[in-house]
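Colleague: Those protein sequences? They're chains A and B, same order as listed.
Count the first sequence with the working numbering and you get residues 1 to 528, in order.
Count the second sequence with the working numbering and you get residues 529 to 760, in order.
Every residue gets a Cβ at the ideal spot worked out from N, C-alpha and C, and that includes glycine.
Take a look at this one; I'll ask things after.
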Amino acid sequence: MPCVTWLGRDRGAAPGPLDEAPCSEGELGVPGLAQCTADIISTVEFNHTGELLATGDKGGRVVIFQREPESKNAPHSQGEYDVYSTFQSHEPEFDYLKSLEIEEKINKIKWLPQQNAAHSLLSTNDKTIKLWKITERDKRPEGYNLKDEEGKLKDLSTVTSLQVPVLKPMDLMVEVSPRRIFANGHTYHINSISVNSDCETYMSADDLRINLWHLAVTDRSFNIVDIKPANMEDLTEVITASEFHPHHCNLFVYSSSKGSLRLCDMRAAALCDRHSKRWGPRGLWPLLLLLQTGRQLSSHASPELRVRLCPPMPTPTSPHKARWDSGQPWCLGVLRPEDHGHPQVFEEPEDPSSRSFFSEIISSVSDVKFSHSGRYMLTRDYLTVKVWDLNMEARPIETYQVHDYLRSKLCSLYENDCIFDKFECAWNGSDSVIMTGAYNNFFRMFDRNSKRDVTLEASRESSKPRAVLKPRRVCVGGKRRRDDVSVDSLDFTKKILHTAWHPAENIIAIAATNNLYIFQDKVNSDMH
Amino acid sequence: MAERVCQGEFSVRVLATDGELGSEVQRRWEGIMVGGLKRKHSDLEEEEEKDGKWDWSPAGLRNYQQALLRISLDKVQQRSLGPRAPSLLRHVLIHNTLQQLQASIHMSTAPALPPEPLFLGEEDFSLSATIGSILRELETSMDETESPQNQVAPTGLQNEVLPQPDPVFLEALSSRYLGDSGLDDFFLDIDTSAVEKEPALAPLDPPHSLFCAPGSWEWNELDHIMEIILGS
Chain A
1 MPCVTWLGRD
11 RGAAPGPLDE
21 APCSEGELGV
31 PGLAQCTADI
41 ISTVEFNHTG
51 ELLATGDKGG
61 RVVIFQREPE
71 SKNAPHSQGE
81 YDVYSTFQSH
91 EPEFDYLKSL
101 EIEEKINKIK
111 WLPQQNAAHS
121 LLSTNDKTIK
131 LWKITERDKR
141 PEGYNLKDEE
151 GKLKDLSTVT
161 SLQVPVLKPM
171 DLMVEVSPRR
181 IFANGHTYHI
191 NSISVNSDCE
201 TYMSADDLRI
211 NLWHLAVTDR
221 SFNIVDIKPA
231 NMEDLTEVIT
241 ASEFHPHHCN
251 LFVYSSSKGS
261 LRLCDMRAAA
271 LCDRHSKRWG
281 PRGLWPLLLL
291 LQTGRQLSSH
301 ASPELRVRLC
311 PPMPTPTSPH
321 KARWDSGQPW
331 CLGVLRPEDH
341 GHPQVFEEPE
351 DPSSRSFFSE
361 IISSVSDVKF
371 SHSGRYMLTR
381 DYLTVKVWDL
391 NMEARPIETY
401 QVHDYLRSKL
411 CSLYENDCIF
421 DKFECAWNGS
431 DSVIMTGAYN
441 NFFRMFDRNS
451 KRDVTLEASR
461 ESSKPRAVLK
471 PRRVCVGGKR
481 RRDDVSVDSL
491 DFTKKILHTA
501 WHPAENIIAI
511 AATNNLYIFQ
521 DKVNSDMH
Chain B
529 MAERVCQGEF
539 SVRVLATDGE
549 LGSEVQRRWE
559 GIMVGGLKRK
569 HSDLEEEEEK
579 DGKWDWSPAG
589 LRNYQQALLR
599 ISLDKVQQRS
609 LGPRAPSLLR
619 HVLIHNTLQQ
629 LQASIHMSTA
639 PALPPEPLFL
649 GEEDFSLSAT
659 IGSILRELET
669 SMDETESPQN
679 QVAPTGLQNE
689 VLPQPDPVFL
699 EALSSRYLGD
709 SGLDDFFLDI
719 DTSAVEKEPA
729 LAPLDPPHSL
739 FCAPGSWEWN
749 ELDHIMEIIL
759 GS
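Structure follows, in structure tokens:
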């Protein structure tokens, strides 16, 4: 990473809805106008090739950027990202029964692996997941027999011969259509979605439950994790993020507000209470596949089926989740911890010397990402990023301090709610560098090999054409260099929560409130 | 933990380790209040101007705890503002912090003296009663039912539901809810102590989930299916 010099792009901020809306700042220095908040970017995601970059915002819109092919005439102008398509994904809804608004903010976007000429992505707000198909049209038929060029019907008497319509090129038109709407799957707020490597299923996680969906089926889902206690007064822990393993379609991880990770295996055997049968080493997986595809089951089975595969976290009152009553015809079984396949729990023991009232809050994991290799997991909590080895549950193998100078300010950060900010984290394509955002429009990168780190800033100045990003430093008192930023002058309204790294190249996308910055390394080379 | 408390008032001042930057820090924090919410503790600002020393005496610690308690209680009350469902994560974290505060306040109380009720604002609350009421509120908010909403539903309707479920009403419920929490939220207002939250013990046998149809699934069908699978 010291080998990489980051450049701003010609268009650091995208046009259109992502332009910084002119906001008059109130006395407190906080943007006060409502129209600013709809443009706040809430998620950023590259597709699997890196050709497309999708962003979602608070107003429910999705904007997709496409990388232009590099031009031979201008070798310095490495493929830039231009707006490819914009569409309204989610609208605000009102739940009349609960008298609550459902926000249209896009929480997450995940691309599906491309299987034909069209691109597909999943977008989700708090309650509803949608599958969108993005297609291109660059030809149109001309030379109809019955219609003229304006589309009006011809007078048949003027038609003396027949012609075959031909396809003529036209200006590229990108069409986006909703293909599936996965609604009513979640009582609580969806925080993450993840597409399985089988490319047929995906999971969605809310605060207390995780559901497994088939991409082709919208009227049912399988609940695979449920940590809701019998008595809500006993609730002490919620699910904060989840992700499927990049290669093993049976493995997924979810993180909790207490700083733990649970790696779950869906192939685990299950007991069917009613008949006390063990279903064998293949467990419930073949049954799920049958139900997903199985027209043949419709004559035998109820169309609805509820399956529990993973034990929820033990609650204080029930160390094992209560088994389903056999009178429940719609439950097939519950996995008990003593069955093989209970989740592996990854948790670092707390350091008693640094304990404070805020220890738990700052240990809450805000994001978890598998490495591209599938061997490691990356987690982000309030002050650190940690790398975990899937083979070692006891502690992370690496811990990096993102902004430890905030440790003495936790009380203020608690008071102004900043302590609840959910930062994301990202791997580079070769899993050698990790990146995460911070405050003051700073973002941080850590090179796992050299153990060096850098702080960079996403700002208008840094995004001028070919401007080199200068490393920044936060000083905590004592010696202060010229360009250092003092801890006390950090702007906590400028937070970089969402970042993404191109899957193969050194191109990063940084969302700074309602601005998108795309940075690229100086030498347009592949990962090193 | 480099935090300090001004003696005698509910004020909290967070310093960097060298202590010099304290007053600037506090002013800066107000300027960057996210969302522009005005801070209620204007007395905090005044207090920290006066005091210039560290104080970790038991009284100082107690004041700090009380200040944190007040901040936490404010946060719990804030969540009821606005039309959107509260963030469960935030709520659980604040609740757990309150639990810790309660535990530490009990521990720090001198055993020789009877525990004094802590003054919170104009009213006189004991800490346990306060936390207890918060937990009860938490329960209803986590189940995402606003208490005004429950009161709005006329009791006549509730009585109607119990003996004879209105199919249209239940369909409206099930179309909005998934699984157990939907109807349980509704029944919270009627009698929560006797009724188990799990749908198995609900007095009705409604279609309380889009994803299950009780009664339509035959266990011998399941056996048959398993034989097919295991046989393949």
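(1) Would you give the residue range spanned by the alpha helix (DSSP H) that A:E150 belongs to?
(2) I want to verify the contact list: residues of chain D whose CB lies under 9 Å from the CB of B:N624, in sequence order.
(3) Would A:I508 be called buried (16 or more neighbouring beta carbons within 10 Å of its own) or exposed?
(4) What does a CB cutoff of less than 6 Å around A:H502 pick up in its chain, not counting 5 residues either side in sequence?
(5) Would you say A:I106 and A:S123 are within 7 Å of each other, going by their C-beta atoms?
(6) Can you find a CB in chain B that lies within less than 7 Å of the CB of A:D171?
(7) Run through the DSSP bridge pairs and tell me what A:M435 is partnered with.
(8) A:L406 by DSSP, collapsed to three states: which one?
(9) For a cutoff of 7 Å on Cβ pairs, would you count B:R590 as touching chain A?
(10) What would DSSP say about A:A511, mapped onto helix, strand or coil?
(11) Of all Cβ atoms in chain B, is any one closer than 7 Å to the Cβ of A:Y439?
(12) What in chain A is Cβ-close to B:I515, meaning under 9 Å?
(13) For A:H247, count the other beta carbons within 10 Å of its own beta carbon; 16 or more makes it buried, fewer makes it exposed. Which is it?
(14) How would you list, in chain order, the residues of chain B whose beta-carbon sits under 9 Å from the beta-carbon of A:T240?
(15) What's the gap between the Cα of A:R167 and the Cα of A:N145?
(16) Using 7 Å as the threshold, is the C-beta distance between A:S192 and A:S242 below it?
(17) Here's the rule I'm using: 16 or more other beta-carbon atoms within 10 Å means buried, otherwise exposed. How should A:E505 be labelled?
(18) To the nearest angstrom, how far is it from the Cα of B:R612 to the Cα of A:D126?
(19) Does DSSP put B:S675 in a helix, a strand or coil?
(20) Restricting to Cα atoms, I'd like to know which of A:L112, A:E175, A:R179 is closest to A:N196.
(21) Per DSSP, A:H214 forms a beta bridge with which residues?
(22) For A:T218, which residues from the same chain have a beta carbon less than 7 Å from its beta carbon, with the 5 sequence-adjacent residues on both sides left out?
(23) How far does the beta strand (DSSP E) with A:Y84 in it extend, from its first residue to its last?
(24) Given that A:F357 touches chain B, what residues does it touch there, using C-beta distances under 8 Å?
(25) Using beta carbons (cut-off 7 Å, strictly below), is A:L100 in contact with chain B?
(26) Can you list the residues of chain B that A:H189 reaches, using a CB-CB cut of under 9 Å?
(27) Compare the Cα-Cα distances from A:P349 to each of A:M435, A:I361, A:E80, A:E393 and report the closest residue.
(28) Is there a Cβ of chain A sitting closer than 7 Å to that of B:V620, yes or no?
(29) Just to make sure I have the definition right: I need the residues of chain B whose C-beta is within less than 9 Å of the C-beta of A:E350. Which are they?
(30) Flag this pair as yes or no: are the beta carbons of A:V225 and A:V368 separated by less than 7 Å?
(31) Need the endpoints of the beta strand (DSSP E) that B:P586 sits in, please.
(32) With a threshold of 8 Å, are at least 3 pairs of Cβ atoms found where one atom belongs to the segment 132–147 of chain A and the other to the segment 92–102 of chain A?
(33) Decide if A:V345 is buried, meaning its Cβ has at least 16 other Cβ atoms within 10 Å, or exposed.
(34) So which of A:F443, A:W427, A:M203, A:V365 has the shortest CA-CA distance to A:F420?
(35) From the DSSP output, in three-state form, read off A:R452 for me.
(36) In whole angstroms, what separates the C-alpha of A:R531 from that of A:H245?
Modeller: Looking at the coordinates:
(1) DSSP places A:E150 outside any alpha helix (DSSP H), giving it a letter other than H or E.
(2) Judged by its chain identifiers, the structure shown contains no chain D, and its protein chains are A and B.
(3) By the beta-carbon neighbour count (other beta carbons within 10 angstroms, threshold 16), A:I508 is buried.
(4) Residues of the same chain with a CB within less than 6 Å of the CB of A:H502, apart from the 5 flanking positions on each side, are F46, G50 in chain order.
(5) Closer than 7 Å, so yes.
(6) So, not an interface residue.
(7) Bridge partners of A:M435: A:A426, A:M445.
(8) Note: A:L406 maps to helix in three-state DSSP.
(9) No, no contact with chain A.
(10) In this structure, A:A511 counts as strand in the three-state DSSP scheme.
(11) It does not; no Cβ of chain B falls within 7 Å.
(12) Outside the displayed range of chain B (529 to 760) lies residue 515 of chain B, so it cannot be described from this structure.
(13) When all chains shown are included, A:H247 counts as exposed.
(14) One finds L617 in chain B with Cβ atoms closer than 9 Å to the Cβ of A:T240, taken in chain order.
(15) A quick correction: the sequence has Leu, not Arg, at residue 167 of chain A. Pairing A:L167 with A:N145, the inter-Cα distance amounts to about 14 Å.
(16) Contact: yes.
(17) Burial call: buried.
(18) Distance from the CA atom of B:R612 to the CA atom of A:D126, rounded to whole angstroms, is 11 Å.
(19) Bear in mind that the predicted position of B:S675 carries a pLDDT of just 34, short of 50, making it unreliable; the figure below should be weighed with that in mind. Note: B:S675 maps to helix in three-state DSSP.
(20) Selected option, being the one with the closest Cα: A:L112.
(21) Beta-bridge pairing links A:H214 to A:T201.
(22) If we look at A:T218 and ignore the five residues flanking it on each side, its Cβ neighbours are R180, I181, F182.
(23) In this chain, the beta strand (DSSP E) harbouring A:Y84 covers 81–88.
(24) Those are L596, T625, Q628, L629, S632, listed as they occur along chain B.
(25) With 7 Å as the cut-off, A:L100 counts as an interface residue toward chain B.
(26) Here the neighbours are A613, S615, L616, L617.
(27) Restricting attention to A:M435, A:I361, A:E80, A:E393, the CA atom closest to the CA of A:P349 is found in A:E393.
(28) Judged by the 7 Å Cβ criterion, B:V620 is in contact with chain A.
(29) For A:E350, none of the residues of chain B pass the 9 Å Cβ criterion, the least Cβ distance being about 13 Å.
(30) Remark: C-beta atoms of A:V225 and A:V368 do not approach each other more closely than 7 Å.
(31) Premise fails: B:P586 lies in the alpha helix (DSSP H), 586–606, not in any beta strand (DSSP E).
(32) No: fewer than three Cβ pairs fall under 8 Å.
(33) So A:V345 ends up on the exposed side.
(34) Answer by Cα proximity: A:V365.
(35) Three-state result, A:R452: coil.
(36) This structure gives no information on residue 531 of chain A, because the portion of chain A shown stretches from 1 to 528.
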